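Undergrad: One structure follows; several queries about it will come next.
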Amino acid sequence: PCVSFTPPRVRERDAMWTARSLIFVGLASQAFGVWRRESESLEGAQGTLMLDGLARQYGVRFHEAYGPSNCLEGTGKKCIAMVALSSLLRHENATRLDGEVGDFLCGTMMNAAFHIERLKQKKQEKPESSPYTYDYILMHDETIPHRELAVIRELGGRTLRLSDSVKRLACRGMVNAGMPENKDLTEEYCDRATFDLNHFSRGQMIQFVQHLKLAAVTLTQYDSIVFTDNDAFVTEENELRRELDYFFAKPQMQLMALYGYSSPINAGHWVARPNLTAVQYWLEDLQEGFTTKEGWNHAGKVVPRPAGDRYTRDQPLEPSHWRFCGANRDQGLMFHVWSVKMGAYYAMGQRAMRIAEWKIHPEEANLHFVDGHFGCYNRAKIQHFAGGMKPWNYGSCETKNPCHRQWIGNLAADGAKLMRENPVLKANDFLQRQCLPALESNARGCGGGGLACHWPLVQTLNDNVSSGNKDVPERDPADCW
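This is how it looks when you write it as structure tokens:
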């Protein structure tokens, strides 16, 4: 059963901002005659007009997804956007996509092709069996080559260009917050600089890009958003359907995500409802900025500290400091928006179940827990290759973790098969020249031999790591799952 909790205490300033947000959205809704329950989607031109109002308020721009949608009116099916985000952090000529830049683009393309083809195959096998229709949408900035974006659309996916205006808003927020690592930034520089590694540090660029994950909730024409990192793969549609069935059965649930080992939320895979209130809080946070002492928008001491829990093996996280993994990026933003401000974050996974059993103190609770059947979350069905070992990177079979080796080999084999047989992928020189050889190498190198991976072994490995057992051959880089 879910653990009851007391909503987080809201500072007087936060309450004032909350009231302003609700007044703004309420007035916009009344003006267009589309006030809806929080659980309902904001469709078509109505949602677009309200989103445009927020964009004007914060000086940002939102574009529409490019490419035809699979969702049709009158079918009675809910429309789901499966969303990923990609940036190469630098503007490269398409003929120079090598090294780390090329590897990342390979991952982007494999993730898109894998999910588009799997969802398409499932639809063809049993077209009436699922209550959901899916669109795959790649959100991207200007660093992704147009030729590869055209491939994704030709496969049946959609692409959504994210304006640099959101990065500029976040950059000005960094200036406002005054963190030492950003001391050289000025508002004038934020307004004119090109967003790449030639003009910003790698750490700053990663922050700018990961802030953009929350742009997924601007897709108001969809009933739900399923976000996956480029190195996360939903290998079974039934697992995705199980998540969505659970999600839609609970109208009060606005975000369902995995509770991390190193942060209160893992942003690699999550399910959310498009929500203009969440968009308002997100843009407000970017505008005000982040500090490790007070978090986003001067939130203060709101980070949960479950009794007896340690966020890392060696050091407990103090609730007075926002120093958890990703606090100044996607994971901190999502926690602040959905947990602190909206009280609508539902945590799932084995880690969440353990924390639920510890009965966290009501004054430190800023999240709900999903029911117990999600406790032993089977990562064999949704695989997240956090860290450096990925199916499209040479040398990934050197991992000592037998489960990772098997998963890398299986996905590399699937990806190589797609690259060889799909006519759209076969016609792309970059995919054939750089991505296919790496996938084939890992398909051969990771296959056969060693200890076969099965769920009890995964659970044992995770238990050993989370308990601080240093005899584990290699720490699972996706432990936060």
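Count along the sequence shown starting at 1, add 7, and that's the number in this note's numbering. Each residue gets a CB set at the ideal place from its N, CA and C atoms; glycine is no exception. In this text the structure is predicted, and so the values were computed from the model without any measurement.
1. Short check: CB of Ala119 to CB of Gly164, under 8 Å?
2. Spatial neighbours of Arg451 within its chain, please: CB distance less than 6 Å, with the 5 preceding and 5 following residues excluded, ordered by chain position.
3. Can you look up Leu92 in the DSSP assignment and give me helix, strand or coil?
4. Just the Cα atoms here: how many angstroms apart are Tyr139 and His206?
5. Distance, Cα to Cα, Asp501 vs Glu161?
6. What number of angstroms, rounded off, separates the C-alpha of Asn183 from the C-alpha of Gln261?
7. Taking the beta strand (DSSP E) that Asn273 belongs to, which residues open and close that run?
8. Which same chain residues, not among the five before or five after Asn476, have their C-beta less than 6 Å away from its C-beta?
9. Pick from Val278, Ser270, Leu251: whose alpha carbon is nearest that of Ala264?
10. Using alpha carbons as the reference points, say which of Cys453, Lys84, Asp203 lies closest to Thr150.
11. Using only alpha-carbon positions, find the residue among Val241, Thr82, Asp337, Arg179 that is nearest to Glu295.
12. Are three or more beta carbon pairs between the stretch 209–225 and the stretch 167–176 nearer than 8 Å?
13. Once you ignore the five residues that flank Arg336 on each side, which residues in its own chain have a CB closer than 6 Å to its CB?
14. Could you work out which residue in Leu290, Lys190, Asn189 is closest to Val4 when comparing CA atoms only?
15. Is it buried or exposed for Asp436, if we count other Cβ within 10 angstroms and need 16 for buried?
16. Please report how far the alpha carbon of Glu195 lies from the alpha carbon of Lys174, in whole angstroms.
17. What is the DSSP secondary structure of Asn400, counted as helix, strand or coil?
18. Thinking just about the alpha-carbon of each residue, which of Glu405, Leu247, His391 is nearest to the one in Leu126?
19. Using beta-carbon positions only, say whether Leu446 and Ala419 come within less than 8 Å of one another.
20. Let me check understanding here. Comparing Cα to Cα, which of Phe234, Phe255, Arg97, Ser172 lies closest to Arg209?
21. Have a look at Phe121 and Ser172 and give me their C-alpha separation to the nearest angstrom.
22. Kindly give me the distance between the Cβ atoms of Cys442 and Cys404, rounded to whole angstroms, as I take these residues to be in contact under 8 Å.
23. To the nearest angstrom, report how far apart Gly307 and Glu301 are at their CA atoms.
24. For His391, which of helix, strand or coil comes out of DSSP?
25. Does DSSP put Lys239 in a helix, a strand or coil?
26. Phe342 and Asp238 - do their beta-carbons sit closer together than 8 Å?
27. Mind listing, in chain order, the continuous beta strand (DSSP E) runs of no fewer than 3 residues lying wholly within the stretch 191–253?
28. Exposed or buried, Gln259, counting other C-beta atoms within 10 Å across all chains shown (16 or more means buried)?
29. Kindly indicate which residue of Ala351, His153, Leu95, Met116 has the alpha-carbon position closest to the one of Val108.
30. When the Cα of Asn77 is compared with those of Lys85, His70, Thr201, which residue comes out closest?
31. What are the boundary residues of the alpha helix (DSSP H) that Ala420 is part of?
32. When the Cα atoms are used, what is the spatial distance from Lys388 to Asn245?
33. Tyr353 and Phe376: beta carbons closer than 8 Å?
TA: Reading from the atomic positions:
1. yes
2. Here the set comprises nothing.
3. strand
4. Cα to Cα, Tyr139 sits roughly 43 Å from His206.
5. Past the edges of the chain, shown from 8 to 488, lies residue 501, and the structure says nothing about it.
6. 30 Å
7. 273–279
8. In this prediction, Asn476 has a pLDDT of 36, which is less than 50 and means its spatial position is unreliable; nothing more can be read from the coordinates.
9. Val278
10. Asp203
11. Arg179
12. yes
13. Gln214, Gln217
14. Any answer about residue 4 is impossible in this case: the structure gives the chain only from 8 up to 488.
15. exposed
16. Cα-Cα distance, rounded: 14 Å.
17. coil
18. Leu247
19. yes
20. Arg97
21. 31 Å
22. Wrong, their Cβ atoms sit about 16 Å apart, outside the cutoff.
23. 4 Å
24. strand
25. Per the sequence shown, residue 239 should be read as Ala rather than Lys. Looking at Ala239 - three-state DSSP - the assignment turns out to be strand.
26. No.
27. 231–235, 239–241
28. Burial check for Gln259: the Cβ neighbour count within 10 Å stays below 16, so the residue is exposed.
29. Leu95
30. Lys85
31. 409–428
32. 9 Å
33. yes
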